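Numbering (the numbering used here), first residue to last: 10 to 103. These notes concern the structure reproduced below.
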Amino acid sequence: MTARQVFYTGRVQGVGFRYTTKQVAAGYEVSGWVKNLPDGRVELLAVARESSELEAFLTDLQETSAVAHYIKETHAYPVTPAPTNIRGFSILKD
10 MTARQVFYTG RVQGVGFRYT TKQVAAGYEV SGWVKNLPDG RVELLAVARE SSELEAFLTD
70 LQETSAVAHY IKETHAYPVT PAPTNIRGFS ILKD
(Lines of atoms letter the chains of each structure in order from A and count residues from 1; the text may use other names and numbers.)
(Lines give C-alpha, C1' and ligand atoms only; values in the text may rest on other atoms or scores of the structure.)
Protein backbone atom coordinates (compact mmCIF):
# COMPACT_ATOMS: atom_id res chain seq x y z
CA MET A 1 0.00 0.00 0.00
CA THR A 2 1.11 3.52 -0.74
CA ALA A 3 -0.46 6.84 0.21
CA ARG A 4 -0.03 10.56 -0.38
CA GLN A 5 -1.34 13.66 1.30
CA VAL A 6 -1.54 16.44 -1.28
CA PHE A 7 -2.30 20.13 -0.84
CA TYR A 8 -3.47 22.13 -3.88
CA THR A 9 -3.37 25.91 -4.09
CA GLY A 10 -4.80 28.21 -6.73
CA ARG A 11 -8.43 28.74 -7.62
CA VAL A 12 -9.35 25.32 -6.29
CA GLN A 13 -12.49 26.09 -4.27
CA GLY A 14 -15.87 26.88 -5.80
CA VAL A 15 -14.93 25.39 -9.19
CA GLY A 16 -15.97 21.74 -8.74
CA PHE A 17 -12.48 20.60 -7.76
CA ARG A 18 -13.62 18.08 -5.12
CA TYR A 19 -16.34 16.63 -7.34
CA THR A 20 -13.95 16.30 -10.27
CA THR A 21 -11.35 14.68 -8.02
CA LYS A 22 -13.90 12.06 -6.97
CA GLN A 23 -14.86 11.45 -10.61
CA VAL A 24 -11.22 11.04 -11.66
CA ALA A 25 -10.62 8.69 -8.71
CA ALA A 26 -13.44 6.45 -9.96
CA GLY A 27 -11.25 5.56 -12.94
CA TYR A 28 -8.44 4.25 -10.75
CA GLU A 29 -7.99 1.74 -7.98
CA VAL A 30 -7.55 4.42 -5.32
CA SER A 31 -9.39 5.24 -2.14
CA GLY A 32 -9.31 8.33 0.02
CA TRP A 33 -10.92 11.70 0.46
CA VAL A 34 -10.75 15.33 -0.61
CA LYS A 35 -11.77 18.42 1.36
CA ASN A 36 -11.65 22.22 1.31
CA LEU A 37 -9.44 23.94 3.87
CA PRO A 38 -10.28 27.27 5.56
CA ASP A 39 -7.22 28.93 3.99
CA GLY A 40 -8.47 28.34 0.42
CA ARG A 41 -6.44 25.22 -0.33
CA VAL A 42 -7.79 21.75 -1.04
CA GLU A 43 -6.40 18.70 0.78
CA LEU A 44 -6.38 15.22 -0.73
CA LEU A 45 -5.52 11.88 0.83
CA ALA A 46 -5.13 9.10 -1.72
CA VAL A 47 -4.29 5.45 -1.05
CA ALA A 48 -3.54 2.72 -3.59
CA ARG A 49 -2.22 -0.80 -3.53
CA GLU A 50 0.28 0.00 -6.31
CA SER A 51 2.39 3.15 -6.44
CA SER A 52 1.99 3.26 -10.24
CA GLU A 53 -1.80 3.48 -9.85
CA LEU A 54 -1.47 6.31 -7.33
CA GLU A 55 0.95 8.20 -9.58
CA ALA A 56 -1.32 7.79 -12.61
CA PHE A 57 -4.31 9.14 -10.66
CA LEU A 58 -2.39 12.16 -9.35
CA THR A 59 -0.92 12.90 -12.79
CA ASP A 60 -4.34 12.70 -14.44
CA LEU A 61 -5.85 15.03 -11.85
CA GLN A 62 -3.02 17.58 -12.11
CA GLU A 63 -2.40 17.51 -15.86
CA THR A 64 -5.47 16.42 -17.82
CA SER A 65 -8.58 16.76 -15.65
CA ALA A 66 -11.18 19.48 -16.13
CA VAL A 67 -9.80 21.34 -13.08
CA ALA A 68 -6.07 20.99 -13.80
CA HIS A 69 -5.77 24.58 -15.03
CA TYR A 70 -6.99 25.89 -11.66
CA ILE A 71 -4.03 24.37 -9.81
CA LYS A 72 -1.24 26.85 -9.12
CA GLU A 73 0.89 24.80 -6.71
CA THR A 74 0.94 21.21 -5.50
CA HIS A 75 2.64 19.98 -2.34
CA ALA A 76 2.63 16.20 -1.90
CA TYR A 77 3.84 14.19 1.07
CA PRO A 78 4.11 10.43 1.54
CA VAL A 79 1.96 8.97 4.30
CA THR A 80 3.59 6.09 6.14
CA PRO A 81 2.30 3.73 7.06
CA ALA A 82 -0.44 3.94 4.46
CA PRO A 83 -3.92 3.85 6.00
CA THR A 84 -5.63 0.49 5.48
CA ASN A 85 -9.09 1.41 6.81
CA ILE A 86 -10.21 3.76 4.01
CA ARG A 87 -12.75 2.35 1.57
CA GLY A 88 -13.98 4.18 -1.51
CA PHE A 89 -13.39 7.84 -2.26
CA SER A 90 -15.34 10.59 -0.55
CA ILE A 91 -15.77 14.32 -0.41
CA LEU A 92 -15.45 15.56 3.16
CA LYS A 93 -17.64 18.54 3.95
CA ASP A 94 -16.22 21.80 5.25
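Quick reminder that beta carbons are idealized off the backbone N, C-alpha and C, glycines included. Quick caveat: nothing in here was measured; it's all calculated off a predicted structure.
For Gln-32, the uninterrupted alpha helix (DSSP H) segment begins and ends at 26-34. By the neighbour-count definition (other C-beta atoms within 10 Å, threshold 16), Arg-58 is an exposed residue. In the structure shown, Gln-22 adopts coil according to DSSP, grouped into three states. Residue range 60-72 is occupied by the alpha helix (DSSP H) that includes Ala-65. Shortest Cα-Cα distance from Arg-13 to any of Pro-90, Gly-19, Glu-72, Gln-32 involves Pro-90. Every beta strand (DSSP E) stretch that sits fully inside the stretch 75-103 and reaches 3 residues is listed by chain position as 80-87, 98-101. Apart from the 5 residues on each side of it in sequence, Glu-52 sits with its Cβ closer than 6 Å to the Cβ of Phe-16, Lys-44, Leu-46 in its chain, given in chain order. Minimum Cα-Cα distance from Asp-103 among the listed residues Thr-68, Ala-77, Gln-22, Ser-40 corresponds to Gln-22.
DSSP places Arg-50 outside both helix and strand once states are collapsed to three, so it counts as coil. Taking all protein chains shown into account, Ala-34 has 16 or more neighbouring C-beta atoms within 10 Å of its C-beta and is therefore buried.
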